[in-house]
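Keeping their order, the protein sequence lines are chains R and L.
Counting along the first sequence from 1, when you hit position 149 you're at 674 in our numbering, and nothing is skipped either side.
Counting along the second sequence from 1, when you hit position 270 you're at 672 in our numbering, and nothing is skipped either side.
Each remark here refers to the structure printed beneath this line.
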Amino acid sequence: MAPKVHAAGASLAALLAAGTAQAGETLTVYTYDSFVSEWGPGPGIEEAFEARCGDCDLEFVALPGGVDILQRLRLEGQGTAADVVLGLDMNLMAEARALDLLAPHGVDTAPLALPIDWDDDTFLPYDWGHFAFVYDTEQLETPPGSFEALLAAPEDLRVILQDPRTSVTGQGLMLWIKKLYGERAPEVWAKLDERVLTVTNGWSQAYFSLFMNGEAPMVLSYATSPAYHMGVEGSDRYQAAEFEEGHYLQVETAAMVANTEAPALARDFLAFVLTPDFQRHIPLGNVMNPAIDLGEDLPAVFDRLIAPESLTFAPEEVREHRREWIREWLNAVAR
Amino acid sequence: MSPLSPWATLSRWPLGGGLVALVAVVGLGAGSLGALLWQARELHPALLWQEPWLAAVLRFTLWQASLSTLLAIGLAVPVALALARRPRFPGRRLLLRAMELSLVLPSLIALFGLVAVHGRRGWLAPLNDWLGGLPEDYLYGLSGIVLAHVFYNLPLAARLMLQALEEAPAVQWRLAGQLGLTRGALWRALEWPRLAPLLPRLAALVFTLCFTSFAIVMTLGGGPRSSTLEVALYQAMKFDHDLALAALLALTQLAICLTLWLLALSRGGPPSLAVGAAPGQACGRWWRRDARGLSRLTDALWLTGLAALLLPPLAAVLVAGVGGLPDLPRGTSLAPAALRSLVMALGAGLGALALAVALLSGSHWLRLRRHPLGAAAMEGGGQLILVIPALVLGTGLFLLLRPRLGSGWEGYGLVVLVNAFMALPFAMQVVRGAIPGLSAPEQRLADQFGVRGRARLRWLAWPRLRRPLALALAYAMTLSLGDFSVIALFGSPSAPTLPMLLFQQLSGYRWQGAAATAMLLLALVVGVFALLDRLTRRLPRHPWPPSVSREIHDARLP
Numbered sequence: 526m527a528p529k530v531h532a533a534g535a536s537l538a539a540l541l542a543a544g545t546a547q548a549g550e551t552l553t554v555y556t557y558d559s560f561v562s563e564w565g566p567g568p569g570i571e572e573a574f575e576a577r578c579g580d581c582d583l584e585f586v587a588l589p590g591g592v593d594i595l596q597r598l599r600l601e602g603q604g605t606a607a608d609v610v611l612g613l614d615m616n617l618m619a620e621a622r623a624l625d626l627l628a629p630h631g632v633d634t635a636p637l638a639l640p641i642d643w644d645d646d647t648f649l650p651y652d653w654g655h656f657a658f659v660y661d662t663e664q665l666e667t668p669p670g671s672f673e674a675l676l677a678a679p680e681d682l683r684v685i686l687q688d689p690r691t692s693v694t695g696q697g698l699m700l701w702i703k704k705l706y707g708e709r710a711p712e713v714w715a716k717l718d719e720r721v722l723t724v725t726n727g728w729s730q731a732y733f734s735l736f737m738n739g740e741a742p743m744v745l746s747y748a749t750s751p752a753y754h755m756g757v758e759g760s761d762r763y764q765a766a767e768f769e770e771g772h773y774l775q776v777e778t779a780a781m782v783a784n785t786e787a788p789a790l791a792r793d794f795l796a797f798v799l800t801p802d803f804q805r806h807i808p809l810g811n812v813m814n815p816a817i818d819l820g821e822d823l824p825a826v827f828d829r830l831i832a833p834e835s836l837t838f839a840p841e842e843v844r845e846h847r848r849e850w851i852r853e854w855l856n857a858v859a860r
Numbered sequence: 403m404s405p406l407s408p409w410a411t412l413s414r415w416p417l418g419g420g421l422v423a424l425v426a427v428v429g430l431g432a433g434s435l436g437a438l439l440w441q442a443r444e445l446h447p448a449l450l451w452q453e454p455w456l457a458a459v460l461r462f463t464l465w466q467a468s469l470s471t472l473l474a475i476g477l478a479v480p481v482a483l484a485l486a487r488r489p490r491f492p493g494r495r496l497l498l499r500a501m502e503l504s505l506v507l508p509s510l511i512a513l514f515g516l517v518a519v520h521g522r523r524g525w526l527a528p529l530n531d532w533l534g535g536l537p538e539d540y541l542y543g544l545s546g547i548v549l550a551h552v553f554y555n556l557p558l559a560a561r562l563m564l565q566a567l568e569e570a571p572a573v574q575w576r577l578a579g580q581l582g583l584t585r586g587a588l589w590r591a592l593e594w595p596r597l598a599p600l601l602p603r604l605a606a607l608v609f610t611l612c613f614t615s616f617a618i619v620m621t622l623g624g625g626p627r628s629s630t631l632e633v634a635l636y637q638a639m640k641f642d643h644d645l646a647l648a649a650l651l652a653l654t655q656l657a658i659c660l661t662l663w664l665l666a667l668s669r670g671g672p673p674s675l676a677v678g679a680a681p682g683q684a685c686g687r688w689w690r691r692d693a694r695g696l697s698r699l700t701d702a703l704w705l706t707g708l709a710a711l712l713l714p715p716l717a718a719v720l721v722a723g724v725g726g727l728p729d730l731p732r733g734t735s736l737a738p739a740a741l742r743s744l745v746m747a748l749g750a751g752l753g754a755l756a757l758a759v760a761l762l763s764g765s766h767w768l769r770l771r772r773h774p775l776g777a778a779a780m781e782g783g784g785q786l787i788l789v790i791p792a793l794v795l796g797t798g799l800f801l802l803l804r805p806r807l808g809s810g811w812e813g814y815g816l817v818v819l820v821n822a823f824m825a826l827p828f829a830m831q832v833v834r835g836a837i838p839g840l841s842a843p844e845q846r847l848a849d850q851f852g853v854r855g856r857a858r859l860r861w862l863a864w865p866r867l868r869r870p871l872a873l874a875l876a877y878a879m880t881l882s883l884g885d886f887s888v889i890a891l892f893g894s895p896s897a898p899t900l901p902m903l904l905f906q907q908l909s910g911y912r913w914q915g916a917a918a919t920a921m922l923l924l925a926l927v928v929g930v931f932a933l934l935d936r937l938t939r940r941l942p943r944h945p946w947p948p949s950v951s952r953e954i955h956d957a958r959l960p
C-alpha cells in the first residue's frame with residue numbers, strides 16, 4: 526500500500542507546512558463549467574482572492590459537472606494537478622473521501638448558516654439549495670402543495686424529470702423519494718410516471734429545451750431557480766412549488782488535495798470560501814443559497830424563495846445504496 | 403524512354419500512407435479501449451444477459467436505429483433525385499445550406515428547435531389540433547426519436563447523394579438528354595448506378611449515428627423505457643466507476659456496429675468506374691425529359707417536404723437567437739471563443755481530410771491489386787472511432803497518457819486530434835467517390851504521354867478532387883466546430899470554445915444568450931460551407947501562356 530503511505534506522509538507534510546502562502550504561487554482549482562463562466566461566480570472570486578493573496582494566481586480548470594471532478598480525481602490519483610476541488614456535492618462526498626486524496630480543511634465552520642448541522646472536517650460547504658419542482662404560473666395557477674398532491678394531480682399536469690444516472694437533479698429526486706417513501710418508493714415511482722412527460726439526460730435539456738418552450742407546466746430543478754428569473758430577468762413567471770413533506774437538500778463543498786504543492790495557499794483559499802468576498806458571488810452567480818449569513822448583501826429576491834424542511838441521507842448511505850436504488854427506479858418505470 | 407511497367411501507375415505511396423493512417427486510427431481506438439480493459443482487469447460477459455433491462459435497451463436501440471435509418475435513407479433518395487433534377491429554383495442554395503447545417507447542430511439546440519416546432523405547444527400544435535391527425539405528444543416516444551433522427555440524417559444523406567449524382571460526367575447527361583430518356587430509364591441507366599455504391603455505407607453511417615445517439619433518445623424518449631447503451635455506459639463509468647462494465651458495453655456497441663460496417667463494405671462493391679472528364683456542375687445543364695409533366699408536381703412535393711422538415715426548427719433557433727442577441731456576453735470572451743473554435747476546427751478538418759485521403763487511396767490501391775478484404779479493412783478502420791463512445795475514448799486516452807493531461811495547449815491539441823478522428827468517417831463518405839481518380843483509358847493515355855508524378859496530380863487528379871475535398875473539409879470542420887463531447891472530457895482552463903460557451907450559458911440560465919451563441923455557431927458553419935464552396939466553384943485557372951490567352955481573347959472579338 527505504498528500510495529497510501531505516501532498520501533499519509535504528504536498530508537502530514539502539508540499539516541506541518543504552516544505559515545503564509547508563497548508569493549507567485551499558482552493554485553489550481555478543479556470545478557464545474559458554469560462556476561467559471563463569465564456570469565458565474567468564478568471571475569469575481571478569482572479577482573477577490575488574487576487581490577487578497579497578493580502575488581498568487583488562481584487557476585480554474587472547468588469540468589462538465591461534479592461527477593466529472595470526482596472521476597478526474599480518481600483517474601489522476603496521486604498525480605493530480607488539483608490543489609483544491611470545488612463542486613463535489615454531499616452525495617459524492619463518500620466516494621471522494623474513499624479515494625484518500627483529500628486533507629482536512631482546518632477552517633472554523635462557525636460562520637456556516639446551513640439548514641442542517643455540519644461537522645465534516647474534510648468537506649467545506651460553499652453553497653446549498655433544495656431540489657424542487659419549478660412551475661410556470663401562466664400554465665398552472667395553484668401548484669401541488671405536497672408530494673401526495675403531485676401524485677394525485679389531474680391528468681393534464683405533466684412534469685419533466687431528469688435521469689438519475691446522468692444528472693445531479695435526477696439523482697436528487699431519487700433520493701428525495703427514497704427518503705420520503707422508503708420501501709414504498711417503487712410504487713411512488715410508478716405512480717409519478719403517469720405524470721411524466723419525459724426524462725431528459727441533463728438539467729439543461731429539461732429546463733432550456735423543454736420547460737422554457739412551455740412543454741410542461743412543471744420541471745424538476747432547484748428551489749433557487751426562481752431567484753434567477755426574478756433577480757436577473759425581472760420576471761415572476763417561474764416559481765418553485767413548496768411541498769409540505771420537505772425537500773431534499775443539496776450542499777456543495779470544497780476540499781483540499783492532500784499532497785498539493787501549495788498547501789498554505791490552498792488553506793488560505795478554503796478560509797476565503799466562508800468570507801463575504803467569496804459568498805457574495807454565489808446567490809445570483811451560481812443561483813444557490815450562500816453558505817454564510819450575508820445580511821444586507823443577500824439579494825432581496827432570496828427572501829421570496831420557498832424555505833422548506835430539509836431532507837438528507839448520510840453520504841455513506843448514498844454511496845452504499847446508489848446502485849441498488851437506481852435499479853429499483855429502473856425496474857419501477859422501465860417495464 | 404523507359405518501358406512502361408504495369409506498376410508505373412501504381413506507386414506504393416498510397417499503400418504506405420493508408421497503412422500509417424490505419425495504424426493511427428486503430429491505435430487510438432484499440433489503445434483507449436485496451437487501456438480501459440487493462441484497468442478493469444476482470445470482465446464478466448455474463449452480465450450482458452443477466453441484466454434484463456440491458457437486453458431491453460439493446461432491443462430498443464436496434465429497433466429505433468433501424469427505423470430511423472430506413473426512413474432517413476429511403477426518403478433521402480427521392481429528395482436527392484428531385485434536387486438533381488431541379489438545378490435552378492429560387493431558394494435552392496438556401497436549402498442546400500440548411501441541409502449542411504442540420505448535421506452539425508449541437509443536439510441541445512436541435513432539440514430546442516424541434517420542440518419549438520413539434521412540441522405540445524409548438525408552432526405546429528394549432529395546425530395539429532385543427533387537423534387532429536397526430537396525438538398531442540407525438541414528439542415524445544419512438545415517433546419523436548425517429549423524427550429527430552430523420553431531421554439530423556436525411557439532409558446529410560440527401561446531400562451526399564446529390565454530390566454523387568452531380569459528379570456524373572457531363573457526357574452521360576448530354577446523352578440522356580439527347581436520347582430523351584424517361585424517368586425509369588434514367589433511374590436505371592444513370593441515377594441508380596451512381597447511388598448504389600453509396601447506399602450501404604451511407605446506411606451504415608446513419609445507423610451508427612442513430613445507434614450511438616444519446617441526448618436525443620433520452621430527452622425525447624419519454625423515460626428509461628427508451629434508453630440507449632450509452633446511458634448505461636455513462637452510469638457505469640461516472641457514478642459507479644465500474645470500468646469493466648463500461649468496457650463490456652463499449653465492446654458490445656463496437657461488435658454490433660463493426661459487423662454492420664463490414665457488411666456494408668462488402669456490399670458496396672467497387673465504385674463506378676465511369677469517372678467522367680469534366681468535374682462538377684454538369685448535372686442539370688442538359689435537357690431532361692423527366693423534368694416535365696407530373697414530375698414537376700412530385701418534385702415540388704418532395705422539396706416542400708424537405709423544407710418543412712428542415713427549415714422551421716432552424717428558424718425557431720434563429721428567432722430565439724435574435725431575441726437573445728442583447729444577452730450575449732458583453733465581456734471579451736465571445737470573439738476569442740469563436741476564433742479558438744475556428745482554428746481548432748481547421749486543424750481537425752485538415753487532419754480528417756489527410757487521414758481520409760490516405761485511407762481511401764490505400765484502400766483503392768489494395769482493391770486494384772485484388773485484395774478486397776484488405777481494402778475493406780482499411781476503409782472500415784476509418785469508421786472505428788465513430789463506434790467507440792467518446793467517453794470511452796476520452797477515459798482510455800486519459801489512462802494511457804496519465805498522470806497528467808488536458809492542461810493548456812496539450813489539452814487543446816488532443817481535442818483537435820480526437821476531433822479529426824471523429825470527423826474522419828464523414829470526410830471519407832464525401833471524398834470516397836472521387837478517389838478512384840482516373841479511368842483505365844485515361845490512365846493509359848496519361849502514361850503514354852508521360853504525365854506522371856506531380857503533373858498528373860496537379861492537372862488530372864486535382865481538378866476532380868477539389869470539390870469533394872472542399873465539401874469534406876467543410877463537413878469535418880463544422881463537425882468539430884459544434885463538438886462539445888470531446889472538449890468536455892478533458893476539461894479546460896477558463897478559455898472556452900464556442901460550444902462550451904453555449905453550455906456555460908445554459909447551465910447559468912442564460913438560455914436566450916445561448917440561443918444567440920447557437921446562432922453565431924450556425925453562422926460560422928454557413929460561412930465555412932459558403933467559403934469553401936466559393937473557393938472551389940470556379941474551374942481551376944490554367945496558366946495559359948500569355949500569347950495563347952490573347953489569341954483566345956482576340957478570337958472572341960467581333
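Don't be surprised by glycine CBs; every beta carbon is placed ideally from N, CA and C.
Nothing here was measured: the structure is a model prediction, and the numbers come from that model.
Any beta carbon from chain L within less than 8 Å of residue i's own beta carbon?
{"i": "tryptophan 564(R)", "result": "yes"}
{"i": "glutamine 764(R)", "result": "no"}
{"i": "aspartate 558(R)", "result": "yes"}
{"i": "glutamate 680(R)", "result": "no"}
{"i": "leucine 627(R)", "result": "no"}
{"i": "glycine 739(R)", "result": "yes"}
{"i": "leucine 600(R)", "result": "yes"}
Does the separation of the CB atoms of residue i and residue j fall below 8 Å?
{"i": "threonine 621(L)", "j": "serine 734(R)", "result": "yes"}
{"i": "phenylalanine 736(R)", "j": "phenylalanine 672(R)", "result": "no"}
{"i": "aspartate 688(R)", "j": "proline 508(L)", "result": "no"}
{"i": "phenylalanine 648(R)", "j": "alanine 780(R)", "result": "yes"}
{"i": "isoleucine 817(R)", "j": "leucine 799(R)", "result": "yes"}
{"i": "threonine 551(R)", "j": "valine 586(R)", "result": "no"}
{"i": "alanine 474(L)", "j": "alanine 578(L)", "result": "no"}
{"i": "leucine 883(L)", "j": "alanine 747(L)", "result": "yes"}
{"i": "glycine 915(L)", "j": "glycine 725(L)", "result": "no"}
{"i": "isoleucine 685(R)", "j": "alanine 741(R)", "result": "yes"}
{"i": "alanine 748(R)", "j": "glycine 654(R)", "result": "yes"}
{"i": "glycine 784(L)", "j": "leucine 761(L)", "result": "yes"}
{"i": "phenylalanine 656(R)", "j": "tryptophan 714(R)", "result": "no"}
For the ligand NAP, is there a heavy atom less than 7 Å away from the beta-carbon of residue i?
{"i": "histidine 446(L)", "result": "For the ligand NAP, the structure offers nothing, since it holds no ligand at all."}
Would you say residue i lies against chain R (beta-carbon separation less than 8 Å)?
{"i": "alanine 684(L)", "result": "Because the pLDDT of alanine 684(L) is 44, which lies under 50, any placement of that residue in the model is unreliable, and the number read from its coordinates should be weighed accordingly. It does not; no Cβ of chain R falls within 8 Å."}
{"i": "methionine 620(L)", "result": "yes"}
{"i": "alanine 448(L)", "result": "no"}
For residue i, which residues does DSSP report across the bridge?
{"i": "leucine 552(R)", "result": "Leu583(R)"}
{"i": "glycine 685(R)", "result": "With the sequence shown as reference, residue 685(R) is identified as isoleucine, and glycine is not the correct amino acid for it. Beta-bridge pairing links isoleucine 685(R) to Thr723(R) and Val744(R)."}
{"i": "alanine 628(R)", "result": "Met781(R)"}
{"i": "aspartate 701(L)", "result": "None, per the DSSP bridge assignment."}
{"i": "aspartate 661(R)", "result": "Tyr763(R)"}
request  = Select from the region 704-736 of chain R all residues with a C-beta closer than 9 Å to any C-beta belonging to chain L, and list them in chain order.
outcome  = Asp718, Val721, Leu722, Thr723, Val724, Thr725, Asn726, Gly727, Trp728, Ser729, Gln730, Ala731, Tyr732, Phe733, Ser734 and Leu735
4-residue-minimum alpha helix (DSSP H) runs that sit fully inside the region 762-804 of chain R, ordered along the chain = 788-798 and 801-804
request  = Return the chain-ordered ranges of every alpha helix (DSSP H) run that is complete within the region 519-573 of chain L and spans a minimum of 4 residues.
outcome  = 527-533 and 544-568
inquiry  = So if I threshold CB-CB distances at 7 Å, which residues from the region 799-812 of chain R count as touching chain L?
reply    = Val812
query = Of all the residues that make up the region 846-859 of chain R, which are near chain L by a beta-carbon distance shorter than 9 Å?
reply = Arg847, Arg848, Ile851, Arg852, Trp854, Leu855, Asn856, Val858 and Ala859
key: Within 7 Å of chain R by C-beta, residues of the region 632-645 of chain L in sequence order   = Val633, Tyr636, Gln637, Lys640, Phe641, Asp642 and His643
ask   = What residues in the region 503-523 of chain L have a beta carbon less than 8 Å from any beta carbon of chain R?
value = Leu510, Leu513, Phe514, Val517, Ala518, Gly521, Arg522 and Arg523
request  = Would you list, in sequence order, the uninterrupted beta strand (DSSP E) runs of no fewer than 3 residues that lie entirely inside the region 585-651 of chain R?
outcome  = 609-614
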